[in-house]
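One structure is given here, and the rest of the page talks about it.
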Amino acid sequence: MTDVLRRGRASLAFSFFAQGAAFALLVTRIPAIQDRYGISDALLPVFLAAVPVLAGVGSVTTEHLVKRIRPSRILRWSQPVVLLALLGVGAGDQLAEVAVALGAFGLAVGGLDASMNMLGVSLQRSYGRSIMLGFHAAYSLGGIVGASLAWAGAHWHLSLFVSYLPVVLVLLPLCLVGSRWYVDAGSGADAGADGEKAEAGAGAGPLVFKLLLPLCLVMTFAYIGDSTVSNWSAKYLKDVLGSSEQMATVPYNVYMVMTLVGRAVGDFGVRRFGAVAVVRLGAVVAALGFGVVAVAPGAGVGMLGFTLLGLGLCVIVPQTFAAAGRLFPGASDTAIARLNIFNYVGFLIGSPLVGALGDAWNYRAAMLVPMVLVLAILGYARSFEPQPDRYGDVHERPRTADVGRGSNGV
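Residue numbering for the sequence shown is 974 to 1383, as defined by the numbering used here.
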């Protein structure tokens, strides 16, 4: 494997890591953000919903931009905006200021998520084996670091700005330096992919979306579950299970630790048992986790539920992106950008849905809704079955492995 690809893989993994850290620092301090800006419980779901809506706009915009601009350039400039927007969330005093900062965060994160996964799928094709789980494992590791720093900030009663500033000062220059080595499709060992992309791009219409729809639904259900953890775990532990604010930062950390563990062994499971079996097992374990959270008598049992949630949900999203790359390798940028929108659809539905049910009924019962939706993934698990590689009408690249299977080496 060429040094170009190795450097590209390492730099992209760091980008996933930085994004995991930034996102964790935001979502684990939601109670502190709410208190700082005086956001009411009724208004909080509106703020939480606005971020994925704008992120979906960013992903749609990225789908069109990559027709003229390489995904690496979009990633290079969207990641600094995300980090600076995070700092802006901690710097303001007025409601309008946090609204602007969260809006910038949402728009930039849509382009960031889409372009990161575009580069991941194209690198995976160049390697000829699955490495997507490794990139998402780096994201989980970043989430662990970010959640740990959030715990430290809450423990020492640091302001949001003081908590965020050192992280941004470290990650921002490293991301800019690392961006020099991003590898787009058509670079390095994958020269010729651009021609394939143009060839297949003409088919990226209704027929493609119809084929992609089962994966879109899986992505939606998985992110409804994920958004429930990221947006409500801290509040659930503090307000429902009676933990301290410091302890309320822990569930997301536990969740991210288990996603890291699951993704570290996930490729072995896919190689040994197949993607269908792994996705089905993940859905069942995640549903069990929501059930445990819903009936937990205290914070300790609640932690067990979030542990199961991390272990169950962690394999589903990377395998969904991998399956999309397998279906449309010549038009993977378009497929991934469209699939990525349903990441935010899941967040858009999950965050306000759980909040509304929690306010109208109670938060324990609200946890049963994502449990049922995660179980619905079982009905679409067949979409992850290996299929013959398709590279357009006349282009074949038999050296390329099934992108949904293989070994993970990050």
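We put the beta carbon where it would ideally sit given N, CA and C, even for glycine.
Note that the structure is a prediction, hence the values are computed from the model and not measured.
Check whether residue i and residue j have beta carbons under 8 Å apart
i: Arg982; j: Leu1075; result: no
i: Ala1207; j: Thr1193; result: no
i: Leu1092; j: Tyr1155; result: yes
i: Val1252; j: Phe1357; result: yes
i: Ala986; j: Val1140; result: no
i: Val1290; j: Ala1195; result: yes
i: Ala1111; j: Ala1237; result: no
i: Val1000; j: Ser1132; result: no
i: Phe1078; j: Val1055; result: yes
i: Leu1281; j: Gly1262; result: yes
i: Gly1198; j: Ala1259; result: yes
i: Ser1032; j: Cys1148; result: no
i: Ala1295; j: Ser1103; result: yes
i: Ala1081; j: Ser1051; result: yes
i: Leu998; j: Leu1059; result: yes
i: Ala1338; j: Gln1292; result: no
i: Phe1388; j: Ala1064; result: What is shown of the chain runs 974 to 1383, which leaves residue 1388 out entirely.
Straight-line Cα distance separating residue j from residue i
i: Glu1036; j: Ala1304; result: 11 Å
i: Leu1321; j: Arg1311; result: 16 Å
i: Leu1300; j: Arg980; result: 27 Å
i: Val1345; j: Asn1316; result: 18 Å
i: Met1220; j: Ile1117; result: 15 Å
i: Gly1278; j: Val1265; result: 5 Å
i: Ser1099; j: Met1105; result: 12 Å
i: Glu1172; j: Pro1302; result: Annotation note: pLDDT 37 at Glu1172 (below 50); position unreliable, no value reported.
i: Leu1188; j: Ala1023; result: 24 Å
i: Arg1049; j: Ser1152; result: 6 Å
i: Gly1083; j: Pro1224; result: 25 Å
i: Asp1167; j: Tyr1336; result: With a pLDDT of 41 at Asp1167, under the threshold of 50, the modelled position of this residue cannot be trusted, and the question is left open.
i: Gln992; j: His1130; result: 24 Å
i: Ala1308; j: Leu1254; result: 25 Å
i: Pro1053; j: Ala1028; result: 15 Å
i: Ala1329; j: Ser1200; result: 14 Å
i: Trp1205; j: Val1030; result: 24 Å
i: Gly1126; j: Pro1044; result: 34 Å
i: Leu1326; j: Asn1313; result: 20 Å
i: Val1213; j: Ala1158; result: 48 Å
i: Met1089; j: Asp1332; result: 36 Å
i: Arg1094; j: Val1347; result: Inspection of the sequence shows that residue 1094 is occupied by Val rather than by Arg. Whole-angstrom Cα-Cα distance: 25 Å.
Exposed unless 16 or more other CB atoms sit within 10 angstroms - verdict on residue i
i: Ala1005; result: buried
i: Trp1334; result: exposed
i: Val1191; result: buried
i: Ile1042; result: exposed
i: Ala1297; result: buried
i: Leu1040; result: Here residue 1040 is Lys; the residue named in the question, Leu, does not match the sequence. By the neighbour-count rule (16 or more Cβ atoms within 10 Å), Lys1040 is not buried but exposed.
i: Ser1013; result: exposed
i: Arg1245; result: exposed
i: Val1268; result: exposed
i: Asp976; result: exposed
i: Asp1066; result: exposed
i: Phe1241; result: exposed
i: Asp1086; result: buried
i: Leu1016; result: exposed
i: Val1342; result: buried
i: Pro1002; result: Per the sequence shown, the amino acid found at residue 1002 is Arg instead of Pro. Burial call: buried.
i: Ser1217; result: exposed
i: Gly1215; result: exposed
i: Gly1011; result: exposed
i: Pro1146; result: exposed
i: Asp1306; result: buried
i: Gly1319; result: buried
i: Asp1008; result: exposed
i: Ser984; result: buried
i: Pro1270; result: exposed
Residue closest to residue i, alpha-carbon to alpha-carbon, out of the options
i: Leu1144; options: Asn1335, Asn1204 and Phe996; result: Phe996
i: Gly1119; options: Ala1295, Ala1260 and Phe990; result: Phe990
i: Val1150; options: Ala1256, Ile1314, Met1229 and Arg1046; result: Arg1046
i: Ser1324; options: Ile1314, Met1340, Ile1309 and Asn1313; result: Met1340
i: Gly1101; options: Leu1142, Ala1308, Leu978 and Asn1226; result: Leu978
i: Phe1108; options: Gly1239, Val1030 and Gly1126; result: Gly1239
i: Gly1275; options: Gly1247, Val1257, Gly1285 and Leu1210; result: Leu1210
i: Gly1401; options: Pro1270, Ala1256 and Gln1292; result: Residue numbering for the chain in the displayed model covers 974 to 1383; residue 1401 lies beyond these limits and cannot be assessed.
i: Trp1124; options: Leu1351, Gly1331 and Asn1226; result: Asn1226
i: Leu1057; options: Leu1068, Pro1025, Leu1142 and Ala1354; result: Leu1142
i: Ala1354; options: Phe1182, Leu1186, Pro1018 and Gly1061; result: Leu1186
i: Tyr1228; options: Pro1270, Leu1286 and Pro1025; result: Leu1286
Residue i Cβ short of 7 Å to the ligand FMN heavy atom set
i: Ile1322; result: Judged by which ligands are present, the structure shown has none, so any question about the ligand FMN falls away.
Unbroken alpha helix (DSSP H) runs of length 4 or more, entirely within the stretch 995–1070: which are they? 1003–1010, 1017–1038 and 1044–1064
Which parts of the stretch 1257–1316 are runs of the alpha helix (DSSP H), unbroken and 4 residues or longer, counting only runs that do not cross its ends? 1272–1286 and 1289–1300
Quick check for students: name the residue ranges of the alpha helix (DSSP H) that lie wholly in the stretch 1314–1346, counting only runs of 4 or more. 1336–1339
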